[in-house]
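Report on one structure; see the data block that follows.
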Amino acid sequence: MPVFFVCAGLLGLLAVALTINVGLMRGRKKISLGDGGDAEMRAAIRAHGNLMEFVPFTLLVIYMASDFYGFRIVAILSVALLAARVAHAGGMLGFIPYGRVVGAMATTITLGVASVLLVLAGFGLKQY
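Start counting at 1 in the sequence shown, then tack on 897, and there's your number in our numbering.
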């Protein structure tokens, strides 16, 4: 479980960084609400918003699955989620080419795999 907790903590720090990025950009661009029609502001808001939409639930599902599956599966899912969210944020902010697409796909796959594993465990059909 240490890998899960480290990844969860790093995802929390990524959320803080994206929050600060939005706040600083709002100050710099003098936009207090919404995106002001500014594409860069919109991307920063969505990078933060998308992280907040997917990470908490995905972490919850991974954590619940940890009751049934071994360290390796939980570690793989945790690291995959962290890498996916870093790629997505980097892509949204223009730092990582194709990061948005790769990150979104990897996040969806990670959530899907973790969810299927949890359903299997719930039915007593745990698979490794």
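All residues carry an ideal CB built from backbone N, CA and C; glycine is no exception.
Because the structure is a prediction, the values reported are computed rather than measured.
Using 8 Å as the threshold, is the C-beta distance between residue i and residue j below it?
| i | j | result |
| --- | --- | --- |
| A962 | A1003 | no |
| A984 | I973 | no |
| A944 | A912 | no |
| F968 | L1008 | no |
Nearest-angstrom Cα distance between residue i and residue j?
| i | j | result |
| --- | --- | --- |
| L930 | A977 | 33 Å |
| G1000 | L948 | 10 Å |
| A980 | F902 | 15 Å |
| F954 | G920 | 25 Å |
| Y966 | G933 | 46 Å |
| V1016 | T1005 | 16 Å |
| A905 | T916 | 16 Å |
| V900 | N918 | 27 Å |
| S975 | L908 | 10 Å |
| A1018 | M922 | 44 Å |
| G924 | L956 | 32 Å |
| G1021 | Y995 | 39 Å |
Measure the beta-carbon distance from residue i to residue j and round it to whole angstroms, keeping in mind my assumption that it falls under 8 Å.
| i | j | result |
| --- | --- | --- |
| M989 | R997 | 5 Å |
| D935 | K927 | Actually they do not touch by this definition, with Cβ atoms about 10 Å apart. |
Are the region 930-940 and the region 950-964 in contact at 8 Å, needing three or more beta carbon pairs? no
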